[in-house]
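So the sequence shown is numbered by full-length UniProt numbering: it starts at 9 and just counts up by one. All remarks here apply to the structure that follows.
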Amino acid sequence: GGNALDILELRKVNKRFGGVHAIKELDLTVTQGTVHGLIGPNGSGKTTTFNVISGVFPPTDGQIFFGGRDITGLPAYEIARLGISRTFQIPKVMGRMSVLDNVMCGYFAKTKTEAADTFLHAPFRASRQERAMRERAMEQLAFVGLERSAGRWARDLAWADQHLLQIARALATGPKLLLLDEPTAGMGAEESARLEALIRQIKEQGTSIILIAHDVKLVTRSSDVVTAIEFGAKIAEGLPEEVKNHPKVVEAYLGT
Ligand code: ADP
């Protein structure tokens, strides 16, 4: 990558699905320690951008650098291990597992080989490691305010709490970059405000964030820089207030 302070850099990234050109020549630079907002109308390519960054599928062309390292085309588990984790617009939790175990899975996802090895070959060390993981998972749950739900089945959580659980699980891996896809989807005003405060705290802990949200006010308040896209291409970028009022952005949102 270019600047050492840039944690993530997309260079001329394209993604095509057959005839659909979902991302077009997208350049995106995320500075370490910042919240970077990503806005755009429905179908503009926001989630696809997260998918190419996190390795769900490779970009059709272009390059992606993370911490100066070319991660283009790496499998998702490897990208996760390097320090990028994400949440989903429709919370992906394991419904028939406890809330605590869901967070521990996040931890396993990162150390799979190591942990599996330990369990197979050194049961004594495994239990110690498991205890440490459990403690850490409880800390993550406390951080998002779900410690009292640790023993419940994930599927019994309210929608907003499932969003919070995804965040706890993503944070369990100790990511350097967190991708939040519509973290306030389906939330009321109070829950959204809580989430906004949480985003601030995650940033204060030094984790960089890319935030996708329909709620332009939330993005404006939370972000240091905002990139707006439409039909997969960048239409504006800069300080949140500037981007929000940019004629192309205003126009893009009028149609929705
Ligand atoms: P947004 O997140 O901004 O709403 P998406 O990234 O989900 O937009 O979608 C961008 C475009 O790419 C849409 O036209 C969508 O239908 C298409 N698309 C996204 N994912 C796929 C896929 N896996 N296969 C085919 N088309 C897709």
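Quick reminder that beta carbons are idealized off the backbone N, C-alpha and C, glycines included.
- For the ligand ADP, no non-hydrogen atom lies closer than 7 Å to the CB of Ala84.
- In its chain, beyond the 5 residues on either side, Gly48, Pro49, Ser52, Ala260 have a beta carbon closer than 7 Å to the beta carbon of Glu238.
- For the 8 Å CB-CB criterion, Met195 and Leu203 form a contact.
- With fewer than 16 other Cβ atoms inside 10 Å of its own Cβ, Gly27 counts as exposed.
- Measuring C-alpha to C-alpha distances from Asn11 to each of Ser230, Phe74, Ala197, Asp223 identifies Phe74 as the nearest.
- Take the alpha-carbon of Gly182 and the one of Gln174: they are about 13 Å apart.
- As the crow flies, the alpha-carbon of Leu16 is around 31 Å from that of Glu143.
- Comparing alpha carbon positions, the residue from Thr57, Ala180, Glu190, Ala158 closest to His171 is Glu190.
- Checking the DSSP bridge columns, you'll see Gln71 partnered with Arg19.
- In this structure Lys54 touches Ile220 by the C-beta definition: roughly 5 Å separates them, less than 8 Å.
- Not one heavy atom of the ligand ADP sits closer than 7 Å to the Cβ of Ser157.
- The C-beta distance from Ser231 to Pro255 rounds to 20 Å, too long to fall under 8 Å, and the pair is not in contact.
- A residue is called buried when at least 16 other Cβ atoms come within 10 angstroms of its Cβ; Ser135 does not meet this threshold and is exposed.
- In the structure shown, Ser62 falls within a helical segment according to DSSP collapsed to helix, strand and coil.
- Look at the beta carbons and you see the region 18 to 34 touching the region 65 to 84: at least three pairs across the two are nearer than 8 Å.
- Around the Cβ of Val107, a 10 Å sphere holds 16 or more other Cβ atoms; the residue is buried.
- Shortest Cα-Cα distance from Ile92 to any of Met102, Met112, Val38, Glu245 involves Val38.
- When the beta-carbon positions are compared, Lys32 and Ala241 come within less than 8 Å of each other.
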